[in-house]
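Converting from the sequence shown to the working numbering requires adding 16 to each position, the first position being numbered 1.
Think of the CB as a built atom: it goes at the ideal place given N, C-alpha and C, for glycine as much as any other residue.
As the structure is a prediction and not an experimental result, all values here were calculated from the model.
Below is one structure; the comments refer to it alone.
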Amino acid sequence: MMKLFLNLLFASIFLCAAPPVQTQQAEKKPKVIGEKQADELLGSVVRVKARALPDARSNATLGSLREGSGVIIDDRGYILTIGYLVIEADAIEVTTADGKTSPATLVGYDHATGFGLLRAALPLGAKPIDLGASTELALREPVMVAPHGGREFVNLAYVVSKRQFAGSWEYLLDSAIFISPPTLAWAGSALISREGKLVGIGSLLVRDSEEAGTPLPGNMFVPIDLLKPILADLIDKGRVSGPPRPWLGMATEELQGRLFVTRVSPEAPADKAGVRRGDIVVGVGTDTVTTQVELYRKLWSLGSAGTEVPLKVLQGASVKEIKVRSIDRTEYFRAKPTL
């Protein structure tokens with residue numbers, strides 16, 4: 017019975033959303049994925065277990081023991097995952113679907129996208145997945161969400177929106193992928209297209225996957241197209257070339273048209289400058305800001321890490337201008353603690 021269900025699941029993922037007959041000739045037909053190839057695709061997804069240093073600053077929000085998924089993307093043992101699983105980790109272990117386990121090292125991390133790149137120390141014997149084109153994903157297109165663990169954990173979902181996403185932690189994607197229904201094993205999971213290619217990496221569980229503010233539970237995925245221009249840099253240098261963005265170390269939340277500071281990282285630039293939880297951000301320099309997107313765009317337009325940011329906040333009953341000397345985020349979170 018379970019085998020029949022799984023076969024129907026794979027068939028529905030790759031066949032059920034073929035375009036209507038009258039438009040099939042104008043649109044690309046979905047590739048038919050057989051059961052063997054489906055198993056190969058799932059074989060590229062590994063379990064990622066990470067242990068952070070006892071004094072890692074990220075432990076306050078992420079914990080010291082973390083587990084999720086990663087995806088083998090080439091024959092050299094490189095594994096793509098979501099970066100928050102492995103930042104400041106001093107021990108990483110990956111396990112394949114057939115039980116092979118290997119230590120892994122953090123090769124590169126990029127805060128702008130959220131990607132983390134690992135490399136297994138031992139041969140894993142699993143076939144890597146091909147990278148697809150996330151820009152080609154259409155709304156309502158069926159996709160397969162594959163965390164580690166094999167077929168029984170696969171989730172059939174649909175692309176419900178592709179839109180801008182602003183995270184509270186000074187993070188912004190121009191075109192994140194949102195799917196529904198959600199999987200509860202989202203961290204680092206593979207988003208696989210009907211063509212059997214990797215089109216995204218799992219990042220978050222969200223309440224408003226279809227439209228901001230409209231309740232529909234789902235997951236947010238980081239588009240794979242963001243990896244392609246930076247992969248060589250991550251492999252060669254551990255980070256993306258070019259000047260790093262300024263980072264303040266504060267989390268914000270939009271509420272009733274105002275931008276509240278919800279967390280200030282201890283000893284981060286905002287903390288040292290006097291920004292406090294509960295402050296309301298009202299501007300940067302002479303520009304008014306009321307949303308996370310406005311704040312981030314203005315912040316990043318001022319220059320690279322190290323620039324002084326004239327942050328205006330409502331603190332108590334008065335508006336104050338607090339000059340915050342920004343830093344490179346990696347100076348605060350040690351992406352490679354063993355180096």
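Residue pairing by DSSP places ASN171 opposite VAL161 in a beta bridge.
Nearest neighbour of LEU275 by Cα position, chosen from SER177, SER85, GLY141, GLY183, turns out to be GLY183.
Across the set ARG82, ALA72, VAL87, GLU83, the C-alpha of VAL87 shows the shortest separation from the C-alpha of GLY59. Restricting attention to GLU83, SER320, ASP146, GLY254, the CA atom closest to the CA of ASP91 is found in ASP146. Ranked by Cα distance from TRP316, the options ARG279, TRP202, GLY229, TYR187 are led by TYR187.
Per DSSP, the beta bridge partners of ALA136 are ALA120.
With respect to LYS178, ALA162 sits apart: the two C-beta atoms are not nearer than 9 Å. Here the stretch 148-159 does not lie against the stretch 95-107, with fewer than 3 beta-carbon pairs under 8 Å apart. Remark: C-beta atoms of VAL298 and VAL309 do not approach each other more closely than 9 Å. Looking only at LEU214, SER196, LYS52, GLY258, the smallest Cα-Cα distance to LEU220 is reached by SER196. In the DSSP assignment, GLY84 falls within the unbroken beta strand (DSSP E) covering 81-88. Taking a cut-off of 8 Å on C-beta distances, the stretch 260-275 touches the stretch 286-298, as three or more cross pairs fall below it.
The DSSP-derived three-state label of ARG341 is strand. Counting of Cβ neighbours within 10 angstroms places LYS328 among the buried residues, the total reaching 16 or more. Sequence-distant partners of SER342 (beyond 5 residues in either direction) whose C-beta falls short of 7 Å from its own C-beta, in its chain, are PRO262, TRP263, LEU264, PRO285, ALA321, GLY322, THR323, VAL325. Looking at the backbone, the Cα of VAL340 and that of GLY115 are separated by about 49 Å. Judged by beta-carbon spacing, LEU247 lies beyond the 9 Å limit of LEU81, meaning their Cβ atoms are not closer than that value.
For a cut-off of 8 Å, the C-beta gap from SER85 to SER205 is around 5 Å, short enough to register as a contact.
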